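For reference, the structure is listed below as structure tokens.
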Amino acid sequence: MYSETKIAIPIFQKKKEDVISVAQDCIIKGADILELRIDGMENPNPKLVREIIEEINFPIIATNRTTREGGFFKGTDKDRIAILRECADVADFVDVELQTNRKLIESITETGVKTIISYHNFKQTPDLDFLIDIVNQEKELGDIAKIAVMPNNLEDTLTVLAILSHFDDTVAISMGELGSYTRVIASKFNAPFTFAVANDTTAPGQIDIDTMRVLLNSDLINTDEFENNE
């Protein structure tokens with residue numbers, strides 16, 4: 001039984017030719033969708049981003065991560081969102097952070113593109129009630145909710161699994177080595193995406209694509225065979 005959770009691979013390169021090259025390599029390695037990290041590019045502008053997405057010609061999540069949530073875009077929020085808005089008609093998804101000004105978020109959702117509304121915390125895992133509230137806010141604004149949080153103990157990783165069990169159309173990730181297993185087990189909760197790496201590591205605890213694909217499509221027990229052998 002094959003997992004329906006899609007493997008998303010982030011591309012974090014400065015130059016257009018490198019973005020294209022890495023994208024082609026990720027496609028060959030079996031990515032289901034690519035996340036174009038616009039904030040990793042040198043002097044990104046809407047025309048350049050559109051050209052790259054059209055040339056790659058593969059399912060794309062357009063992300064332009066703010067520095068407040070671990071990204072590298074150095075311009076204003078208006079400039080950051082303007083790039084996403086201008087490439088919305090050629091991207092499959094646009095990722096925009098929940099803490100972004102609501103009018104700027106709406107300027108993306110009004111284009112009709114599918115949206116991932118995201119929340120990142122690289123220091124800790126907030127309590128379950130807080131995260132439930134975050135996901136509810138994200139779902140009110142967009143199509144897919146996403147949280148990525150840092151665990152300080154194993155119990156924190158279980159909080160992330162609780163989010164996955166509460167909500168559909170939700171990506172919930174416990175980062176770091178401690179939480180890396182949540183990237184795999186997310187498929188058991190029918191998460192729309194999980195994130196792996198081919199070349200560019202963009203978050204702690206990411207798993208390489210070959211390992212991820214094997215793990216997602218592995219069943220420990222084939223129940224039919226088990227019953228037939230009783």
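Read in UniProt numbering, the sequence shown has 1 at position 1, and its numbers run on one by one without any break. Think of the CB as a built atom: it goes at the ideal place given N, C-alpha and C, for glycine as much as any other residue. Fair warning: this is a prediction, and the values are worked out from it, not measured in the lab.
When DSSP labels each residue in this structure, what does residue i get in the three-state scheme?
i, result
"S180", "coil"
"R65", "coil"
"D32", "coil"
"D89", "coil"
"F72", "coil"
"D127", "coil"
"A198", "coil"
"E17", "helix"
"N136", "helix"
"E51", "helix"
"V160", "helix"
"E110", "coil"
"P151", "coil"
"P46", "helix"
"E225", "Confidence at E225 is low in this model, with a pLDDT of 41, below 50, so the placement of that residue is unreliable and no value is reported for it."
List the DSSP bridge partners of residue i.
i, result
"S118", "E97, K146"
"K6", "F193"
"T170", "A145"
"I27", "Paired residues: none, contrary to the question."
"I60", "L34"
"S210", "This sequence places Asp at residue 210; Ser is not what is there. DSSP, once it has assigned bridges, lists no residue as partnering D210."
"I11", "L36"
Candidates the options: which alpha carbon is nearest residue i's?
i, options, result
"I28", "F58, R50, E17, D39", "F58"
"G179", "I116, E86, L141, I147", "I147"
"E138", "S107, T111, V171, L158", "V171"
"I9", "T157, V94, D208", "D208"
"N152", "S187, C26, F122", "F122"
"I20", "E140, I60, I7", "I60"
"R80", "D89, F93, L104, Y181", "L104"
"T76", "T100, I117, E54, R213", "T100"
"R50", "I117, C26, A88, A23", "A88"
"I53", "I33, G70, I134", "I33"
"residue 235", "I185, I134, T115, L84", "Residue 235 falls outside the range modelled here, since the chain spans only 1 to 230, and no answer is possible."
"P46", "G71, C26, K16", "K16"
"D174", "F167, T157, H166", "According to the sequence provided, residue 174 is Ser. The question's Asp does not apply to it. S174 has its Cα closest to that of T157, out of F167, T157, H166."
What's the call for residue i, buried or exposed, on a 16-neighbour Cβ count within 10 Å?
i, result
"E4", "exposed"
"T66", "buried"
"N190", "exposed"
"G205", "buried"
"L98", "buried"
"T211", "exposed"
"R68", "exposed"
"R183", "buried"
"E140", "exposed"
"S118", "buried"
"R102", "exposed"
"Q24", "exposed"
"N217", "exposed"
"L154", "exposed"
"V160", "buried"
"V22", "buried"
"Q13", "buried"
"G112", "exposed"
"N228", "In this predicted model, N228 has a pLDDT of only 44, less than 50, meaning its place in the structure is not dependable enough to derive any value."
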